[in-house]
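Asker: The listed protein sequences correspond, in order, to chains A and B.
Residue 126 in my numbering sits at position 126 of the first sequence, with consecutive numbering throughout.
Remember, my numbering sits 395 above the position in the second sequence when you count from 1.
Number of protein chains: 2
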Amino acid sequence: MKILVLGGDGYCGWPTALHLSDAGHDIVIVDNFSRRQIDEELGARSLTPIAGLTERLRAWHDVTGRPIGLEVGGLLDWEFLSGVFRRHDPEAVVHFAEQRSAPYSMIDRQHAVYTQHNNVIGTLNVLFAIRELATDCHLVKLGTMGEYGTPNIDIEEGFIEIEHNGRRDVLPFPKQAGSFYHLTKVHDSNNMMFACKVWGLRATDLNQGVVYGTVTLQTERDSRLVNRFDYDDVYGTALNRFCAEAAIDYPLTVYGKGGQTRGFLDIRDTVRCINLAILNPPERGEYRVFNQFTEQFSVEQLAQLVVEAARKLGITAQIEHLANPRMEAEEHYYNAKHTRLLDLGLEPYYLSDSLLDSLLNIAMEHRERVDPDVIAPRVTWSGAEAGELEAQVAA
Amino acid sequence: MKILVLGGDGYCGWPTALHLSDAGHDIVIVDNFSRRQIDEELGARSLTPIAGLTERLRAWHDVTGRPIGLEVGGLLDWEFLSGVFRRHDPEAVVHFAEQRSAPYSMIDRQHAVYTQHNNVIGTLNVLFAIRELATDCHLVKLGTMGEYGTPNIDIEEGFIEIEHNGRRDVLPFPKQAGSFYHLTKVHDSNNMMFACKVWGLRATDLNQGVVYGTVTLQTERDSRLVNRFDYDDVYGTALNRFCAEAAIDYPLTVYGKGGQTRGFLDIRDTVRCINLAILNPPERGEYRVFNQFTEQFSVEQLAQLVVEAARKLGITAQIEHLANPRMEAEEHYYNAKHTRLLDLGLEPYYLSDSLLDSLLNIAMEHRERVDPDVIAPRVTWSGAEAGELEAQVAA
Chain A
1 MKILVLGGDG
11 YCGWPTALHL
21 SDAGHDIVIV
31 DNFSRRQIDE
41 ELGARSLTPI
51 AGLTERLRAW
61 HDVTGRPIGL
71 EVGGLLDWEF
81 LSGVFRRHDP
91 EAVVHFAEQR
101 SAPYSMIDRQ
111 HAVYTQHNNV
121 IGTLNVLFAI
131 RELATDCHLV
141 KLGTMGEYGT
151 PNIDIEEGFI
161 EIEHNGRRDV
171 LPFPKQAGSF
181 YHLTKVHDSN
191 NMMFACKVWG
201 LRATDLNQGV
211 VYGTVTLQTE
221 RDSRLVNRFD
231 YDDVYGTALN
241 RFCAEAAIDY
251 PLTVYGKGGQ
261 TRGFLDIRDT
271 VRCINLAILN
281 PPERGEYRVF
291 NQFTEQFSVE
301 QLAQLVVEAA
311 RKLGITAQIE
321 HLANPRMEAE
331 EHYYNAKHTR
341 LLDLGLEPYY
351 LSDSLLDSLL
361 NIAMEHRERV
371 DPDVIAPRVT
381 WSGAEAGELE
391 AQVAA
Chain B
396 MKILVLGGDG
406 YCGWPTALHL
416 SDAGHDIVIV
426 DNFSRRQIDE
436 ELGARSLTPI
446 AGLTERLRAW
456 HDVTGRPIGL
466 EVGGLLDWEF
476 LSGVFRRHDP
486 EAVVHFAEQR
496 SAPYSMIDRQ
506 HAVYTQHNNV
516 IGTLNVLFAI
526 RELATDCHLV
536 KLGTMGEYGT
546 PNIDIEEGFI
556 EIEHNGRRDV
566 LPFPKQAGSF
576 YHLTKVHDSN
586 NMMFACKVWG
596 LRATDLNQGV
606 VYGTVTLQTE
616 RDSRLVNRFD
626 YDDVYGTALN
636 RFCAEAAIDY
646 PLTVYGKGGQ
656 TRGFLDIRDT
666 VRCINLAILN
676 PPERGEYRVF
686 NQFTEQFSVE
696 QLAQLVVEAA
706 RKLGITAQIE
716 HLANPRMEAE
726 EHYYNAKHTR
736 LLDLGLEPYY
746 LSDSLLDSLL
756 NIAMEHRERV
766 DPDVIAPRVT
776 WSGAEAGELE
786 AQVAA
């Protein structure tokens, strides 16, 4: 199948492009390298040494004999985007090409505006490109479990049947996003649902949980194929960051009480979920939502799992509860459904000792690349300086 | 109270600015004249001859002795907007400054992108301006009843208590907006709710119904104060458009079956609702929603009321059911709550024979200004040409 992978140079996009190519699809990556540019802005870099995209693509061709196409540009540029659709006439579009860090979106006004403009208008352009140039094309769009927030009821997959005053309807599940980034995914979901309804497009919205891991069956075939591993305060997410911290004897940075519970998944499942969605497209006009995660953990639980795994490798890791830079419930009910991808055949890689071992070993291997100055949170939701927060908590 | 009226040159903004000035507030209008520019683009104009804003403000000063300030610029321009906040240090901001036509947002990609960018980023800038420069300021933001769509359950005011699998929570009411314009109001609502939560802002989201009428107690004091009256296919809304049509012997253009039911209100209630919201601000950190309308009607009912009122004035008006250019349910359940503004003391102007008389007389007075070529719908939700739609229906 001819597939565009928008944002195919990023943490999830790159291994997805390789997995889909390996599965026999004809892949074209579309990327403007904004993620690499943001690394420069933040003075951060991947724990793992990643090759440039051209070198990555050459390596994939060397190893497999399969070419992956490349189009360099951004989704805000309609002339570029419409040209890409005309040149490739895709049957599916996998859309990762959004600014995906919550802290980045909360740095200040410019970063909030950049994130909302880039994500919402970029996706709007993709919807119009499909409508005008590839109406039968299946849009597989990455949403986030963070769209739902932490309601005091079970979280369903996109829609919920509500009984109210003696009447019933199935309605979009109420959203309570926790950052300007997460809000863009809510906005995108609303725009996509409407576009499917009025234009008969087909779309799958994958409300993904927090991804951990870095290696997939494809990325480990050659050192030039190695994937990103973010550990910094802005792009690093819970489990991966904890492993990098353990590797350099930095305390594991748990925000607040650590009772924040979320859905998590292994990056090897991310890439398989995308292919499952592609192989089982919705009907024309259908907007469907899958909750894409495999297990729930609290942040504290994850930190403790890393402490234990590190101990077995002879590393003494300690947990430090920092003042929470975010505004979020630290103890709450959480029960999110995630059966639709299992129904399509997903057999998850559950979080295991061997995965934790592998991640810790990768972090140890590259520990000299870790910069301890980009780990402590610098961005707060309230706008207070991170130092002020610590003082408030100490007082 | 020192109040900014963003979009104070528009159909609702202008009479609101006058009403608030008349009520003793100190008003500054902020406008970039985008609405007048769009009239040029569409080859349409207000049925009523409206003066330029400078002349309008001079007239108000002549008539009342009260000045209204003016700042010319747009909300996307942060340097301008932050300067306005610094110069005026507002206690309340009334925000009408959005592209507010659903058909305009559906013309094509550029118009959808313009509408979403202008509205969402403009409102985001207003939220940051309040946070950074006037944290105690009350944001009174115009939303729309169209955010809710037409669910098969009663519509509550912003939030709904949901019981699900034996647990309960009060959550944002599910949204099902019906155009890229209506979607911007949903996006704004989500952004505002979040900003109130994390920064402790105070905001009132007024989900307004369809406004009819043109005259208020203030606009009728001088001919230079006269308000807009839109009747064209893009900006004209049901009741006002029907009156203009009756005045030139044009059939009343009902889209589809006409069973589409919505909340409506008199523009004299719009201006009073805004003042009620301002005089009763929410607490810091509170995001509240009022459904701002006074009566429900179906489009067919409204058309029939206009036919009857016209008959009494000796005008024979006829209803024509056009192929519906929109994608919407034409027969549906509709019961929307609207008690919160009544609780604050609103005594509505219900739709009356005298209001219909007055509107029809205004339309008759200016009937030579009506251009029959801008009445039939030119914009369709499906993207089909309007002519094709008619052919489909006839077939």
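Every residue gets a Cβ at the ideal spot worked out from N, C-alpha and C, and that includes glycine.
Bear in mind that the values here come from a model prediction, so they are computed numbers and not experimental data.
Strictly below 7 Å CB to CB, what residues from chain B border V370/A?
Answerer: None at all; the shortest Cβ gap to chain B is about 30 Å.
Asker: Going along the chain, which residues of the region 94-115 of chain A sit with their C-beta nearer than 8 Å to a C-beta in chain B?
Answerer: R109, A112, V113
Asker: What span of residues does the beta strand (DSSP E) with G69/A cover, start to end?
Answerer: 69-72
Asker: Using beta carbons (cut-off 8 Å, strictly below), is M587/B in contact with chain A?
Answerer: no
Asker: Comparing alpha-carbon positions, which option in E286/A, R35/A, I278/A lies nearest F229/A?
Answerer: R35/A
Asker: State the start and end residues of the unbroken alpha helix (DSSP H) segment that holds D26/A.
Answerer: For D26/A, there is no enclosing alpha helix (DSSP H); the enclosing beta strand (DSSP E) has its first and last residue at 26-31.
Asker: From L20/A to V271/A, what does the alpha carbon distance come to, in whole angstroms?
Answerer: 8 Å
Asker: Tell me the rounded alpha-carbon separation between L399/B and R367/A.
Answerer: 55 Å
Asker: Quick check on this structure: which residue in Y255/A, T216/A, R288/A has the alpha carbon closest to the alpha carbon of D266/A?
Answerer: T216/A
Asker: With a threshold of 8 Å between beta carbons, is K592/B in contact with chain A?
Answerer: yes
Asker: Can you find a C-beta in chain B that's less than 8 Å from the C-beta of H164/A?
Answerer: yes
Asker: Locate the beta strand (DSSP E) running through N291/A, then write down its first and last residues.
Answerer: 287-292
Asker: K707/B lies in the alpha helix (DSSP H); which residues open and close that run?
Answerer: 694-707
Asker: When DSSP builds the beta bridges, which residues end up paired with A598/B?
Answerer: Residue pairing by DSSP puts A598/B in a beta bridge opposite L534/B, Y682/B.
Asker: Can you give me the Cβ contacts of Y397/B inside the same chain, cut-off strictly under 7 Å, excluding the 5 residues immediately before and after it?
Answerer: A small fix is needed here, since residue 397/B is Lys in this sequence, not Tyr. Contacts found: D421, H483, D484, P485, E486.
Asker: When you compare the CB of N719/B with every CB in chain A, is at least one pair closer than 8 Å?
Answerer: no
Asker: Using a Cβ cut-off of 8 Å, which residues of the region 327-349 of chain A contact any Cβ in chain B, in chain order?
Answerer: M327, Y333
Asker: Would you tell me roughly how many angstroms separate the C-alpha atoms of N635/B and Y406/B, rounded to the nearest one?
Answerer: 12 Å
Asker: Could you tell me the distance, in whole angstroms, from the CA atom of L70/A to the CA atom of V28/A?
Answerer: 5 Å
Asker: The ligand FAD and D108/A: does the residue's C-beta get closer than 7 Å to at least one heavy atom of that ligand?
Answerer: The ligand FAD is not part of this structure, which contains no ligands at all.
Asker: Could you tell me if Y499/B is buried or exposed, where buried requires 16 or more neighbouring beta carbons within 10 angstroms of its beta carbon?
Answerer: buried
Asker: Since I319/A contacts V234/A with CB under 8 Å, what's their CB separation in whole angstroms?
Answerer: Their Cβ separation, rounded to whole angstroms, is 21 Å, which puts I319/A and V234/A out of contact at 8 Å.
Asker: Comparing the C-beta of L139/A with each C-beta of chain B, is any distance below 8 Å?
Answerer: no
Asker: Can a CB atom of chain B be found closer than 8 Å to the CB of Q218/A?
Answerer: no
Asker: Check the DSSP bridge columns for D564/B and list the partner residues they point to.
Answerer: I557/B
Asker: Are the region 245-262 of chain A and the region 298-312 of chain A touching by the rule of at least three beta carbon pairs closer than 8 Å?
Answerer: yes
Asker: Span of the beta strand (DSSP E) holding H321/A?
Answerer: That run of the beta strand (DSSP E) goes 319-322.
Asker: Please tell me whether A396/A and C196/A are closer than 8 Å, where the distance is taken between their beta carbons.
Answerer: In the structure as shown, chain A starts at 1 and stops at 395, and residue 396/A therefore has no counterpart that could be examined.
Asker: Can you tell me whether DSSP reads F624/B as helix, strand or coil?
Answerer: Shown here, F624/B sits in coil according to DSSP, grouped into three states, outside any helix or strand.
Asker: In the region 513-529 of chain B, which residues sit with their C-beta less than 8 Å from some C-beta in chain A, listed in chain order?
Answerer: V515, I516, L519, N520, F523, R526, E527
Asker: Quick check for students: name the residue ranges of the beta strand (DSSP E) that lie wholly in the region 469-493 of chain B, counting only runs of 3 or more.
Answerer: 487-490
Asker: So G209/A and G263/A are supposed to be a Cβ contact under 8 Å. How far apart are they, rounded?
Answerer: 3 Å
Asker: Are any of the Cβ atoms in chain B nearer than 8 Å to that of N152/A?
Answerer: So yes, N152/A belongs to the interface.
Asker: Do you know how far the Cα of T539/B is from the Cα of T16/A?
Answerer: 40 Å
Asker: According to DSSP, V211/A sits in a beta bridge with which residue or residues?
Answerer: L265/A
Asker: Considering only C-alpha positions, which residue in the set N227/A, W60/A, H111/A is nearest to R45/A?
Answerer: For the options N227/A, W60/A, H111/A, the alpha carbon positioned closest to that of R45/A is the one of N227/A.
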